[in-house]
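Protein chains in written order, with this note's numbering: chain A, 7 to 240; chain B, 63 to 307.
Shown next, in the form of structure tokens:
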């Protein structure tokens, strides 16, 4: 799977009478990890939906790996939602492998593909567990592996750890950084947490409050936490 | 455990009070038979009552099965077509105000005195709760699942059968449970409308109140049994569903 990039130009979006995105530009180079930071409700999740081809922008253009058509973008992006949205009747392992089954592969294949990831990323003992018996942190890990196993070159992570307590969240951030180091993908991460953005991404884009525009783009290596927080507060 | 068997104590207390009332006040049994009179009749008339109960049970089970099949089918169709749902759903709700007692004799005229009109009447009564509960459950599925599943290679058909439908099954079972408890009374209506050999036979002679009481007891037991059977089927089929409540 070759790495592909994302480009968005002058994206506008309205939700009813509310303007959510007021001309947003975004560049995610192939294989890069970009975090979009912004205040709650500024339209960050909408941005991900538009990139994935799930929602249409009112104006502007999105290109994912050279493709403009929503269907083609959808074929290249896997979304990890804020809530894990695991299916309660499937085991953790079968949840993780569902994208393979969705694509028509037999369940045995899906399990064979998911099992090594469970072993590698600390879920070995939980393969057969129903999601209802897992902790929030474990469920998010399963949800992330499910996104990874979709086999898409682009991962869209929508506040993946927002629903977790602080300690679990830090654990998971380390875990995710490690997982992404061994399973590289082009990642677009949305969060309201500057520290999370600095930890996981190599570039940070700060959005303003609604209607959102880009107020700062900085490399994670050079950007100061205070600069980002300052930009976030406007 | 205590709460699980609490109903037995309540039932025993009610029966005890009833018995005491009839005995102490000397109420004649054509006005109100004592529970022990009903029990005695149940035993004395056991072979007749058993035959009649089987006839009624058959109407209930076949009617309920037909209602579940038709209810699931209509819920799926109405869920998948907004236009159809808007056109048909209000009529479906309105149809529930048509009293089955009034319709039953007409169906007997159309379909004769055999099993068919009884099954149809039971199915008509049981169809509605199954359809509504299933349709509501389908519509209640968090739309976020659909969006995520689309990015996980799932076709709309696959999303329906592997995400929405499983999520709706607990609702379908609830509807079926309600329908199961309606089925007894529906079967009885049907039997009253056109001769049957079912339990209605024992209820026709309103003066033999112990026999009526015995028939009612059997009907209640069958209704509860069917209800319990549906509950058991749900637990076996959807072990994940109890987890979440």
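Note that the Cβ used here is the ideal one computed from N, Cα and C, for glycine as well.
If you're wondering where the values come from, they're calculated on a predicted model, not measured in any experiment.
Legend entry - Sufficient close CB pairs (3 or more, under 8 Å) joining the stretch 75-93 of chain A to the stretch 122-134 of chain A: Cβ pair count under 8 Å is below three, so no.
Legend entry - Counterpart residues of residue 19 of chain A in DSSP-defined beta bridges: Note: residue 19 of chain A sits in a beta bridge opposite A:27.
Inset, instruction - Measure the alpha-carbon distance for residue 222 of chain A versus residue 44 of chain A and round it to whole angstroms. - result: Straight through space, the alpha carbons of residue 44 of chain A and residue 222 of chain A are spaced by roughly 11 Å.
Legend entry - Straight-line gap, residue 99 of chain B to residue 84 of chain B (C-alpha atoms, nearest Å): Cα atoms of residue 99 of chain B and residue 84 of chain B: separation of roughly 11 Å, rounded to the nearest angstrom.
Legend entry - Collapsed DSSP secondary structure at residue 12 of chain A in the structure displayed: In this structure, DSSP gives residue 12 of chain A an extended state, which the three-state scheme calls strand.
Inset, instruction - Using the Cα positions of residue 257 of chain B and residue 124 of chain B, report the straight-line distance between them to the nearest angstrom. - result: Near 18 Å, if we compare the C-alpha coordinates of residue 124 of chain B and residue 257 of chain B.
Inset, instruction - Report the option in A:102, A:68, A:74 and A:58 whose CA atom is closest to the CA atom of residue 85 of chain A. - result: Here the closest residue by C-alpha is A:58.
Inset, instruction - Could you tell me whether the Cβ atoms of residue 26 of chain A and residue 49 of chain A are closer together than 8 Å? - result: Contact: yes.
Legend entry - CB contact check: residue 216 of chain B to chain A, cutoff 8 Å: For residue 216 of chain B, the answer is yes, since a Cβ of chain A falls inside 8 Å of its Cβ.
Inset, instruction - Inspect the CB distances between the stretch 24-41 of chain A and the stretch 175-193 of chain A and report whether three or more fall short of 8 Å. - result: Segments in contact, yes.
Legend entry - Contact with chain B by residue 108 of chain A, beta-carbon distance below 8 Å: When Cβ-Cβ separations below 8 Å define contact, residue 108 of chain A makes contact with chain B.
Inset, instruction - Please say whether residue 30 of chain A and residue 219 of chain A have beta carbons closer to each other than 8 Å? - result: Yes, the Cβ-Cβ distance between residue 219 of chain A and residue 30 of chain A is below 8 Å.
Legend entry - Simplified DSSP state of residue 305 of chain B, which is helix, strand or coil: Reliability fails at residue 305 of chain B, whose pLDDT of 47 lies under 50, so the model's placement of it is uncertain and no value is given.
Inset, instruction - Measure the beta-carbon distance from residue 179 of chain B to residue 186 of chain B and round it to whole angstroms, keeping in mind my assumption that it falls under 8 Å. - result: Incorrect: roughly 10 Å between the Cβ atoms, too far for contact.
Legend entry - Best match in A:120, A:176, A:212 and A:32 for proximity to residue 151 of chain A [C-alpha to C-alpha]: Taking residue 151 of chain A as reference, the option from A:120, A:176, A:212 and A:32 with the minimal CA-CA separation is A:120.
Legend entry - Partner residues on chain A for residue 302 of chain B, Cβ-Cβ distance less than 8 Å: Close to residue 302 of chain B, with beta-carbon spacing below 8 Å, are these residues of chain A in chain order: 94, 95, 136 and 138.
Inset, instruction - Check whether the Cβ of residue 48 of chain A lies closer than 8 Å to any Cβ atom in chain B. - result: Not closer than 8 Å to any Cβ of chain B, the Cβ of residue 48 of chain A fails to qualify, so no.
Inset, instruction - Rank B:285, B:261 and B:283 by C-alpha distance to the C-alpha of residue 107 of chain B and give the top, closest one. - result: Nearest to residue 107 of chain B by C-alpha distance, out of B:285, B:261 and B:283, is B:261.
Inset, instruction - Determine the contact status of residue 121 of chain B and residue 184 of chain B, defining contact as a CB-CB distance below 8 Å. - result: Yes, the Cβ-Cβ distance between residue 121 of chain B and residue 184 of chain B is below 8 Å.
Inset, instruction - For residue 173 of chain A, return the contacting residues in chain B, with the cut-off set at a CB-CB distance below 8 Å. - result: Residues of chain B passing the Cβ test: none, with the nearest at roughly 26 Å.
Inset, instruction - Verify the CB distance criterion: does residue 60 of chain A have a CB-CB separation below 8 Å to chain D? - result: The chain labelled as chain D is not found among the protein chains of the depicted structure, namely A and B.
Inset, instruction - Could you give the DSSP three-state label for residue 102 of chain A: helix, strand or coil? - result: Secondary structure at residue 102 of chain A: helix, using DSSP grouped into helix, strand and coil.
Legend entry - Reference residue 87 of chain A; option with closest CA among A:205, A:234 and A:196: The residue with the shortest Cα to Cα distance from residue 87 of chain A is A:196.
Legend entry - Neighbourhood of residue 307 of chain B by C-beta, 8 Å cutoff - its chain only, sequence neighbours within 5 removed: Note that residue 307 of chain B scores 42 on pLDDT, short of 50, meaning its location in the model is unreliable; the coordinates nonetheless yield the value given after this. Here the set comprises nothing.
Inset, instruction - Would you mind telling me which residues of chain B sit closer than 7 Å to residue 87 of chain A, beta carbon to beta carbon, in chain order? - result: Neighbours of residue 87 of chain A in chain B, taken as residues at a C-beta separation under 7 Å, are given in chain order as 206 and 210.
Inset, instruction - My understanding is that residue 246 of chain B touches residue 285 of chain B, with C-beta atoms under 8 Å, so please give their C-beta distance in whole angstroms. - result: Contact annotation, residue 246 of chain B with residue 285 of chain B: C-beta distance approximately 4 Å; criterion of less than 8 Å satisfied.
Inset, instruction - Determine the DSSP secondary structure at residue 33 of chain A, reduced to helix, strand or coil. - result: Three-state DSSP puts residue 33 of chain A in a strand.
Legend entry - Cβ contact check for the stretch 64-80 of chain A and the stretch 200-210 of chain B: 3 or more pairs under 8 Å: Taking 8 Å as the limit for Cβ pairs, the verdict is that the stretch 200-210 of chain B does not touch the stretch 64-80 of chain A.
Legend entry - Own chain residues within Cβ distance below 6 Å of residue 129 of chain B, not counting five before or after: Setting aside the 5 residues that flank it on each side, residue 129 of chain B is surrounded in the same chain by 185, 188, 189, 192 and 241, each with a C-beta closer than 6 Å to its C-beta; the list follows chain order.
Legend entry - Cutoff 8 Å: residue 307 of chain B Cβ touching any chain A Cβ: In this predicted model, residue 307 of chain B has a pLDDT of only 42, less than 50, meaning its place in the structure is not dependable; the value taken from the coordinates is given anyway. False, the Cβ-Cβ gap to chain A never drops below 8 Å.
Inset, instruction - Just the C-alpha distance for residue 217 of chain B and residue 61 of chain A, rounded to the nearest angstrom, thanks. - result: When rounded, the distance between both Cα atoms is 17 Å.
Inset, instruction - Kindly indicate which residue of A:137, A:141 and A:202 has the alpha-carbon position closest to the one of residue 210 of chain A. - result: Comparing alpha-carbon positions, the option among A:137, A:141 and A:202 lying closest to residue 210 of chain A turns out to be A:202.
Inset, instruction - Rounded to whole angstroms, what's the CA-CA distance from residue 305 of chain B to residue 102 of chain B? Just pull it up for me. - result: Its pLDDT being 47, under 50, residue 305 of chain B is placed unreliably in this model, and the value from its coordinates should be taken loosely. If I take the Cα positions, the gap works out to 44 Å.
Legend entry - Interface partners of residue 84 of chain A on chain B, CB under 7 Å: Per Cβ cutoff of 7 Å: 213 and 214.
Legend entry - Classification of residue 100 of chain A by the beta-carbon crowding that lies within 10 angstroms, buried from 16 upward: Burial is judged here by how many other beta carbons sit within 10 angstroms of a residue's own beta carbon; residue 100 of chain A has at least 16 and is buried.
Legend entry - residue 205 of chain A beta carbon less than 8 Å from that of residue 224 of chain A: Going by C-beta atoms, residue 224 of chain A is not nearer than 8 Å to residue 205 of chain A.
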